[in-house]
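To keep things clear, I will list the structure first and then write my remarks on it.
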Amino acid sequence: MEAARGADRNPTEEASFSPWGGRVTRQLESDADIGRPGQYAESNAELLAWPVLSVTHTWKTGPMSSSSTYDAIRVSTDGAVTTLVLDKPEKRNALSLPTMLEIVDALQNVAQSDADALVIAANGPVFSAGHNFADMAGADLDATRHLFDVCTQMMNLVQEIPQVVVAKVHALATAAGCQLVASCDLAVAAESAAFALPGGKGGLFCHTPLVAVSRNIGRKRAIEMAFTGDPIDARTAADWGLVNRVVADTDLDDAVADLVSRSVRGSAMSKSLGKRAFYAQIGLDQGDAYGYAAEVMAQAAVSPDAQEGIRAFLDKRSPMFTERLTD
Amino acid sequence: MEAARGADRNPTEEASFSPWGGRVTRQLESDADIGRPGQYAESNAELLAWPVLSVTHTWKTGPMSSSSTYDAIRVSTDGAVTTLVLDKPEKRNALSLPTMLEIVDALQNVAQSDADALVIAANGPVFSAGHNFADMAGADLDATRHLFDVCTQMMNLVQEIPQVVVAKVHALATAAGCQLVASCDLAVAAESAAFALPGGKGGLFCHTPLVAVSRNIGRKRAIEMAFTGDPIDARTAADWGLVNRVVADTDLDDAVADLVSRSVRGSAMSKSLGKRAFYAQIGLDQGDAYGYAAEVMAQAAVSPDAQEGIRAFLDKRSPMFTERLTD
Amino acid sequence: MEAARGADRNPTEEASFSPWGGRVTRQLESDADIGRPGQYAESNAELLAWPVLSVTHTWKTGPMSSSSTYDAIRVSTDGAVTTLVLDKPEKRNALSLPTMLEIVDALQNVAQSDADALVIAANGPVFSAGHNFADMAGADLDATRHLFDVCTQMMNLVQEIPQVVVAKVHALATAAGCQLVASCDLAVAAESAAFALPGGKGGLFCHTPLVAVSRNIGRKRAIEMAFTGDPIDARTAADWGLVNRVVADTDLDDAVADLVSRSVRGSAMSKSLGKRAFYAQIGLDQGDAYGYAAEVMAQAAVSPDAQEGIRAFLDKRSPMFTERLTD
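The listed protein sequences derive, respectively, from chains A, B and C. Quick note: this note's numbering has the first sequence finishing at residue 633, numbered continuously throughout. Quick note: this note's numbering has the second sequence finishing at residue 633, numbered continuously throughout. Quick note: this note's numbering has the third sequence finishing at residue 633, numbered continuously throughout.
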């Protein structure tokens, strides 16, 4: 995949170029403001102030520092693809508070890394059973608020990091586990996979998982999942749009590798900018979405990678892209 | 279904517990404010002020008082399931102003009842032909405004009452009749059913029916229904997501009973809260939706029914739920 | 189709009747305000101020004045149907700036014409390859802003003109070409057609095309198109809802003619009002959408064409509609 992108990145050149023109109303104060959940909804001015084109040409190298320190997950990198495996099979890969904090940390590390894609997979008979009930038994309101705030932060991070994120679902994904699949940019399911929002048949409705699921599939189908709590099989999930495709269990590795390789072609900067702009515009009214996206596209069109792609096309040669979005 | 929920509800205990914590900005002044159309869209503060957890343990009994007084509809209750039948077959179950007022009254009664689910069905060769043209012939603007205000109130009530509402569609549903199906939480269609927004080929476009239909199915499909006015068959409606499933005519009763029974399992309070939170969040930007849903979920997680469900799961025993959402 | 609408339009009568009642807060100052992109999103007061019922009975005749002056497109009218053909096959019907300005001009002329429907078709081996890279090579930010502003204006005009707009897609539509199909009210594809957002595998992500595509199909499918850049075939496009149907190449003409003829039945005024109200409400929260659509429907119900349709139905005779929406 590196070859497809161009081989001559310059590891030392660093430049922050013309981020926004006369329409910019505010620059974020610090890196800490980037990717804050909900920041995009405040106003158009906020949207346009998002420093999407504050890029750097720095090419970072080396493995992530903390990958070996996790307890419930495993993180590894092969070339441009990082894989995060939920690895507490004896706990059905429940998203306990410590596990979610590990995932948040891993996502933040991935965001800072050179990876082009992140695959979220799982080990064991269940992809993920969702929240850990033990975290909630007897907990007070402050504790449950903290739990769901961390969970929401984790789901938002999946969409905020500059990498392409693909869920690789080999088995049952329920509640927040199903929400995690719905929150990934893309998802591939094996035929043995299934998806459920089981809170509806218990004592605690899947409110936050339904936020993600209902933004992937039709309204009546989302309500059916949430009200009945019954699982849908992988073919139904693909038919409804909850996952991109379903394949035989033995083909899952290949199908994920294929989708990843097709998703990371082209300029890394352009792809990251595209991901961010998509999530910024999808919740807006069409008029506001165009106002935002047209400005992003105009600015992106004058960036070095866009100009390189255009010139390569006109010159009938392969492009060599060099930019990355800093995060 | 009662057995599944737990047999020992206490019919006399009554308690209003910790509705909202420090983030609450306003309490609604009276019951009259609850379920007002459009109240959720005003601001996040409004959303959080919604007294979702102002529950009572009171277990009401007895049939609804007004069920025998209607002219155009029949309402009956069997166990935890109430059924509302449109019963003016000679008028093709048109939604005349008096009929809509009867339905509004019936929905308000159901909301106050012990029912867990409401099935909306119809009698005769047509499910419903929509508005009654006689109400509009020669009417002035005040009269037509009143007509569509009542209609909108009726459609909103279907989504505001705490019960699971399932449309049972055995035949053609057109215009506001199609809107009624689209407004139900869930819908099952017989193969003989069909769906149309016929105003597009006449003199009065189906503006308000399209509001509901376009929130259930894809944009181009909704436009095709509205522009052509031609009916789609039940299989197409299921394929597009306008109904949850289509079955042979002879299987309609069983399919509705099955979907209802699977939809009313678990805590009644949790299910009602889930329904309300879904409709409150689905129109919001994802960031706002999470801000709202995470707070609802955190508060719901410390409620007695949620804690009972969690403890029962951890103790490997069946839960016994006792709460209902007051309305 | 004229026969279906009624044969006795009066070409001289002209009347502007009761546009809005007591709820109107502002009247647009001039025709120039009509159809301005983004005007509907500002507030409900703005929505209600939209002069939807400021109609005229004038029946304009004659061909469009500028149809023979275009370079990259051909415009012709047959009865009530105007056809716009992208006709630069040697340029793969790229949407260069001059071509987009021609399309904008043609759309504005169509809006002022008597046509009931506009078919957007193309000539040559490609429907449209999207933007012309030569417009962007070495361009400065002001130039790219202008390019995407014109493009957005063109896409918005497709949805703002009072005619039914149907895309007739016989071949590959990529980037802004795919966006153009997504922006049409309806679309019919031949089996040889395909659809792609190829910027994702180059240096410039398809930000603005994705605004349109992601409002037609599910989220994960839209992301897959935009991230991979790979084309989807016509059957997949129909399955996902990007086009209304796919037919054999040899049936494309007939399928388009059939959909057009079924889409232009009924009152021209009512259909145009319905189109505009749909695009005004679809991006709103459901509560706001109902507030708007119910008022439009109440006012429409007292219009001459609506009353004619109602009386004809009650009298069991064919209606004769006479109104058109001025633009």
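Every residue gets a Cβ at the ideal spot worked out from N, C-alpha and C, and that includes glycine. Since this is a predicted model, take the numbers as computed values, not measurements.
Between the C-alpha atoms of residue i and residue j, what's the straight-line distance to the nearest angstrom?
i: Ser573 of chain B; j: Ala400 of chain C; result: 58 Å
i: Met460 of chain B; j: Asp393 of chain C; result: 51 Å
i: Ala378 of chain C; j: Glu408 of chain C; result: 8 Å
i: Ala528 of chain A; j: Ser520 of chain A; result: 5 Å
i: Val517 of chain B; j: Glu396 of chain B; result: 28 Å
i: Gln592 of chain C; j: Gly615 of chain A; result: 42 Å
i: His452 of chain B; j: Ser382 of chain C; result: 45 Å
i: Thr364 of chain A; j: Ala600 of chain A; result: Summary for Thr364 of chain A: the model assigns pLDDT 37, below 50, so the residue's position carries little reliability, and this model does not support an answer.
i: Ala561 of chain C; j: Leu492 of chain C; result: 12 Å
i: Gln345 of chain C; j: Gly597 of chain A; result: Any reading at Gln345 of chain C needs caution, since the residue's pLDDT is 30, under 50, leaving its predicted position unreliable; the model's value is listed next. Spanning the two alpha carbons is a distance of roughly 12 Å.
i: Ala423 of chain A; j: Lys581 of chain A; result: 12 Å
i: His513 of chain A; j: Gln587 of chain A; result: 23 Å
i: Ser349 of chain A; j: Ala595 of chain A; result: Reliability fails at Ser349 of chain A, whose pLDDT of 36 lies under 50, so the model's placement of it is uncertain and the value that follows must be treated cautiously. One C-alpha to the other measures close to 12 Å.
i: Asp539 of chain A; j: Leu390 of chain C; result: 45 Å
i: Gln613 of chain C; j: Ala607 of chain C; result: 7 Å
i: Ile523 of chain A; j: Thr542 of chain A; result: 11 Å
i: Gln414 of chain A; j: Glu629 of chain A; result: 20 Å
i: Val475 of chain A; j: Phe501 of chain A; result: 10 Å
i: Lys526 of chain C; j: Phe533 of chain C; result: 10 Å
i: Asp448 of chain B; j: Thr405 of chain B; result: 19 Å
Is there a Cβ of chain C sitting closer than 8 Å to that of residue i, yes or no?
i: Lys577 of chain A; result: yes
i: Glu466 of chain A; result: no
i: Ile616 of chain B; result: no
i: Phe627 of chain A; result: yes
i: Arg525 of chain A; result: no
i: Thr556 of chain B; result: no
i: Ser402 of chain B; result: no
i: Gln485 of chain A; result: no
i: Arg568 of chain A; result: yes
i: Phe501 of chain B; result: no
i: Ala528 of chain A; result: no
i: Thr405 of chain B; result: no
Which residue from the options puts its Cα closest to that of residue i?
i: Leu548 of chain C; options: C:Pro515, C:Lys397, C:Asp411, C:Ser576; result: C:Pro515
i: Met386 of chain A; options: A:Gln418, A:Pro395, A:Arg398; result: Per the sequence shown, the amino acid found at residue 386 of chain A is Ala instead of Met. When only C-alpha atoms are compared, the closest one is A:Gln418.
i: Thr458 of chain C; options: C:Gly430, C:Ser489, C:Gln469; result: C:Ser489
i: Asp411 of chain B; options: B:Ala477, B:Tyr376, B:Ala423; result: B:Tyr376
i: Ala473 of chain C; options: B:Asn429, B:Val475, B:Glu530, B:Glu614; result: B:Glu530
i: Asp611 of chain A; options: C:Lys507, C:Gly580, C:His476, C:Thr389; result: C:Lys507
i: Asp559 of chain A; options: A:Arg380, A:Ala427, A:Asn415, A:Asp420; result: A:Ala427
i: Gly505 of chain C; options: C:Asp536, C:Glu497, C:Ser498, C:Val552; result: C:Asp536
i: Met626 of chain C; options: C:Arg571, C:Arg525, C:Thr556; result: C:Arg571
i: Ala495 of chain C; options: C:Leu579, C:Asp555, C:Thr534, C:Val425; result: C:Asp555
i: Gln485 of chain B; options: B:Ser498, B:Val416, B:Ala445, B:Gln465; result: B:Gln465
i: Met603 of chain A; options: A:Asp621, A:Leu579, A:Asp557; result: A:Leu579
List, in chain order, every chain F residue whose beta-carbon is nearer than 8 Å to that of residue i.
i: Val517 of chain A; result: In the structure shown, chain F cannot be found, because the protein chains are A, B and C.
Look up residue i in the DSSP assignment and give the residues it is bridged to.
i: Val517 of chain B; result: In the DSSP output, where bridge partners are listed per residue, Val517 of chain B has none listed.
i: Phe501 of chain C; result: C:Ala479, C:Ile538
i: His437 of chain C; result: C:Leu401
Measure from the C-beta of residue i to each C-beta in chain A and report whether the shortest distance is under 8 Å.
i: Gly533 of chain B; result: Before going further, note that residue 533 of chain B is Phe rather than Gly in the sequence given. By this cut-off, Phe533 of chain B is not an interface position.
i: Leu492 of chain B; result: yes
i: Ser434 of chain C; result: no
i: Leu463 of chain B; result: no
i: Arg623 of chain B; result: no
i: Val553 of chain B; result: no
i: Gly385 of chain B; result: no
i: Phe584 of chain B; result: yes
Determine whether the Cβ of residue i lies closer than 8 Å to any Cβ atom of chain B.
i: Met460 of chain A; result: no
i: Val549 of chain C; result: yes
i: Ser573 of chain C; result: yes
i: Phe619 of chain C; result: yes
i: Ala496 of chain C; result: no
Notebook entry, point to check: On the three-pair Cβ rule with 8 Å, is the segment 469 to 489 of chain C touching the segment 428 to 437 of chain C?
Noted result: Segments in contact, yes.
Next item on the list: Give a yes or no on contact between the segment 538 to 548 of chain C and the segment 559 to 571 of chain A, applying the rule of three or more CB pairs nearer than 8 Å.
Entry: The segment 538 to 548 of chain C is not in contact with the segment 559 to 571 of chain A.
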